[in-house]
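Residue numbers (my numbering): 10 to 656.
C-beta: ideal position from N, C-alpha, C; glycine also.
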């Protein structure tokens, strides 16, 4: 069978290729650049627990430790008063810290990209082809043909194609998928510098800092990096005024002087602190600093109308743009890659199910739509500074605003928490099992587990390949594996897992939050909970496994009974050919990277050209294109943020 074609060699495309290689699926990454990543210290990534674990499993754990940093605390200030300080638990070798107390990982994006490229260089099932710019693509019932221009210009043949080629995605335009939304929602000036600040290792969100006038809408953040570096971000006022070098240096000097005016003791504590005496410390000079990099980051909010057409998919910035209030677009892009990789792995090895392939759009587009909708509702309230209006939404004006901002930056709440796929089409048709703290469709807690070989690992370390069957068995930690593997529920559980219709692994844990003894948790390859069962229930476990692989709703291929076609996903486009594939192709495995010029007969193209690029920012403009389906619960057509400014 032909390899998977990935267009774009950014972190999302590279991680998707690595994840597929771990599943035994060959891929070709078409990279229009020379493969040399620019060093930009001011362009950084903040990875939450789930995405950092995903990157670690791909072979980049060392880079996260050496090039990344874990913050010791997060502090939120308003004017000269400390509102909140959240201390993070120190990293321990066994990772035995509460999930809420774990810091995100902050590292330069170029370091992450280089680590992913280095890991791919050792993969026999993956190939990165530089100097290859996509020019055309064609689909038929057995695969996708992609034409490239440049030094390596040719036709490539693949089983599937994924567009990870950024905001101006060529794949999206060739598929004629519209990309509506809002342009220039916010602008931030960014600087990377080396300096000593009064709170080493702690990140800071400073609202209405006195040195910038103290008015509403003024905001600056400081996030530590490795080797004594800091990234500073200033929220810029509305408008399109140029940020000159002199103006940026003035902001840097004002912020540094304002922070060092107070001693660390003035800002310490969690009781709100006290304001320093008027004029105190105003004579202090700006502390020495070494400016390494600067830039202006413009936040756009856009969402592609559909993420799948036939055998072609969109992921990362090609499918969505978001970034306000600490929500990181790269985080969501990596979740796209992890979600899609295991589904393509099943499709490549065992044949595709339409329900399985459609579930990528239903889950990921729905999650990003909810995130964008929450930001669209919160931004006007957070930025206008009118307490009365805010109190009508959330009591406690100042406290409410600061909490929402902090949650967004730290990956909590509606603006930052990992998604919950509560309405996934892969949900099992079984009755609800025992209640645990993790609801079905949510990311599981990373508890210590014991694998079948007796090794003690973390739950997230075993994700990515197949279904995980986790048995809650208190007391197993004090018994030798030889004793408990043949006692109690284990023989029946082993027999039931061996009979499942997909690869699965048994793990045992002493405890899981909210779970009683002998509870069995079924976990998807991307770490989201399928369901919980009370004890060993072979029939229900088999039904859950069938649901996870997309074969629970009708025929063997997941089709609607008697319809001869797969069920449509809410919000999916209805362009011609959007459901042409799905049977996994015919024939055995073929050589990786096979080049085949398509004759064009029977090709299913959805159109070329796409939408024109907007003159402002990095996204396409566009309205309600013809790829729009009917009203959807996850994407109401009347929600303002899903329409271009001209609609």
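- Here DSSP, grouped into helix, strand and coil, assigns residue 457 to strand.
- Sequence-distant Cβ neighbours of residue 76 in its own chain, meaning closer than 7 Å and more than five residues away, are 116, 117, 120 and 235.
- DSSP places residue 519 in no alpha helix (DSSP H); its state is neither H nor E.
- Ranked by Cα distance from residue 96, the first of 87, 54 and 208 is 208.
- Between residue 473 and residue 31, the CB-CB gap stays under 8 Å.
- Boundaries of the alpha helix (DSSP H) harbouring residue 60: 58-64, taken from the DSSP string.
- Under the three-state reduction of DSSP output, residue 20 falls in the helix class.
- For residue 117, DSSP records a beta bridge to 53.
- Rounded to the nearest whole angstrom, the CA to CA distance from residue 306 to residue 55 is 15 Å.
- Taking a C-beta distance under 8 Å as the contact criterion, residue 200 and residue 265 do not qualify as a contact pair.
- Shown here for residue 68: same chain residues with a beta carbon closer than 6 Å to its own, the five before and five after excluded, namely 128 in chain order.
- Here the segment 45-55 makes no contact with the segment 180-191; the two share fewer than three CB pairs at distances below 8 Å.
- Counting the other Cβ atoms within 10 Å of the Cβ of residue 327 gives 16 or more, which makes it buried.
- The beta-carbon separation of residue 346 and residue 21, rounded to 5 Å, stays under the 8 Å limit for a contact.
- Under the three-pair Cβ rule at 8 Å, the segment 424-443 counts as touching the segment 370-377.
- In the DSSP annotation of this structure, the continuous segment of the alpha helix (DSSP H) that includes residue 346 starts and ends at 338-359.
- Taken atom to atom, the span from the alpha-carbon of residue 16 to that of residue 74 is near 29 Å.
- Spatial neighbours of residue 449 in its own chain (CB-CB distance under 6 Å, excluding positions within 5 residues in sequence) are listed in chain order as 538 and 540.
- Residue environment analysis places residue 444 among the exposed positions, since fewer than 16 neighbouring C-beta atoms fall within 10 angstroms of its C-beta.
- DSSP, read as helix, strand or coil, puts residue 190 in strand.
- Take the alpha-carbon of residue 548 and the one of residue 126: they are about 43 Å apart.
- As a beta-bridge residue in DSSP terms, residue 477 pairs with 514 and 532.
- Straight-line spacing of the CA atoms in residue 196 and residue 359 works out to 46 Å.
- For residue 181, there is no enclosing beta strand (DSSP E); the residue is found in the alpha helix (DSSP H) stretching over 179-183.
- Shown here for residue 300: same chain residues with a beta carbon closer than 6 Å to its own, the five before and five after excluded, namely 202 in chain order.
- Look at the beta carbons and you see the segment 173-181 touching the segment 311-328: at least three pairs across the two are nearer than 8 Å.
- Contact annotation: residue 536 and residue 469 have beta-carbon atoms nearer than 8 Å.
- Cβ-Cβ separation between residue 260 and residue 243: approximately 5 Å, consistent with a contact (criterion under 8 Å).
- In this structure, DSSP gives residue 418 a helical state, which the three-state scheme calls helix.
- Here residue 362 is buried, its C-beta having at least 16 other C-beta atoms within 10 Å.
- Looking from the CA of residue 193, the closest CA among 218, 247 and 171 belongs to 247.
- When DSSP states are grouped into helix, strand and coil, residue 152 belongs to the strand group.
- With distances taken between CA atoms, residue 26 lies nearest to 122 out of 46, 122 and 142.
- Relative to residue 452, the option among 459, 155, 354 and 376 whose CA is nearest is 376.
- Under the three-state reduction of DSSP, residue 369 is assigned to helix.
- In this structure, DSSP gives residue 267 a helical state, which the three-state scheme calls helix.
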